[in-house]
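Numbering (this note's numbering), first residue to last: 41 to 327.
In this text, a Cβ means the ideal position worked out from N, Cα and C, and glycines have one as well.
Everything numeric in this text was worked out from a predicted model, so none of it was measured.
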Ligand SMILES: Nc1ncnc2c1ncn2[C@@H]1O[C@H](COP(=O)(O)OP(=O)(O)O)[C@@H](O)[C@H]1O
Ligand SMILES: [Mg+2]
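Now the structure itself:
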């Protein structure tokens, strides 16, 4: 089934996940347009990985819907999975294979023919600088090499939507540069990328659109430029963040441009907010 041309690449409606009594993700509604480089930002434990697992079929939502390229995920799981690539938080690679064996295995799993699989495997290994030790087993790879291999495996079938959970975590600057080059090339060619990160700098440098999740709830959503200027979005979040900041103090004053870090800290708390100052009082023995 072909998705409608004008559908969002990713659409969620009231996406919710509970673990027992605890609500990890609460009523998240998001829309990501095709070709967007979308950053999903939030502090540790905010619900980023839980959300991305629901967006990629790795975890069933408690309630709410996910549509990818206009297809309902629950109704068309196989069609959707053909169109997406995923690098999950825990990587989950098969360790007893070489990188080349691994990529050829994944390519064949996606139904690529042998010639295409072999060609793409070679190209990806070259691009990722993973070709120099052809006999090395994946289990003996460094963390950065494993991340690069996981990304190669996630794109071998040419997905139109790519999901990455903390792709730069534990990756050195050289490997990170390779990963970024690859991702930028993909978005230039029309792919949609959804990445999670708790690192503001990464999101600010790469992404055109950003959502911020805090305690399972979406607290910001818009283009990076809009968020920086506090346009339209910031004041409205005030009532939605439990026990947080005063909404009026969050919007940028006229002409003021906020950095993403300032926005993030004002929303989710940090130095200078009441909660943190109180917490520091408690730690007075530390000094
Ligand atoms: N399988 C699970 N069982 C119980 N709680 C979970 C499970 N997975 C995640 N959580 C909880 O949900 C919250 C959000 O987790 P997660 O989505 O991993 O956050 P993030 O990726 O933003 O750091 C955390 O409090 C986490 O402990
Ligand atoms: Mg996570």
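- In terms of Cα proximity to residue 62, the closest of 225, 267 and 256 is 256.
- In this structure, residue 151 and residue 120 do not form a Cβ contact; the two beta carbons are roughly 15 Å apart against a cut-off of 8 Å.
- Distance from the CA atom of residue 185 to the CA atom of residue 298, rounded to whole angstroms, is 36 Å.
- From the listed residues 325, 160, 135 and 87, the smallest Cα separation to residue 181 is found for 135.
- Looking at the DSSP output, residue 58 bridges to 63.
- In its chain, beyond the 5 residues on either side, 240 and 244 have a beta carbon closer than 6 Å to the beta carbon of residue 300.
- Residue 95 sits close to residue 203, with the two beta carbons spaced by under 8 Å.
- As for any beta strand (DSSP E) of minimum length 3 sitting wholly inside the stretch 84-115, the runs are 103-108, ordered along the chain.
- Counted as a single uninterrupted DSSP element, the beta strand (DSSP E) harbouring residue 125 occupies residues 124-127.
- With a cut-off of 8 Å on Cβ pairs, the stretch 96-114 is in contact with the stretch 50-57, counting three or more such pairs.
- Excluding its 5 nearest sequence neighbours in each direction, residue 216 has C-beta neighbours in its own chain below 7 Å: 208, listed in chain order.
- When the alpha-carbon of residue 156 is set against those of 131, 128, 206 and 196, the nearest one is in 196.
- In this structure, residue 96 has its CB at a distance of at least 7 Å from all heavy atoms of ligand 2.
- Relative to residue 128, the option among 211, 92 and 122 whose CA is nearest is 92.
- A Cβ-Cβ separation of about 6 Å places residue 218 in contact with residue 188 under the 8 Å criterion.
- The bridge partners DSSP lists for residue 205 are 236.
- Check the Cα spacing between residue 193 and each of 179, 133 and 238: the tightest is with 133.
- Remark: the shortest separation between the CB of residue 90 and any heavy atom of ligand 1 falls under 7 Å.
- Within the DSSP secondary-structure output, residue 257 pairs in a beta bridge with 254.
- Under the 10 Å beta carbon count, residue 107 is surrounded by 16 or more other beta carbons and is classified as buried.
- The Cβ-Cβ distance between residue 82 and residue 238 falls below 8 Å.
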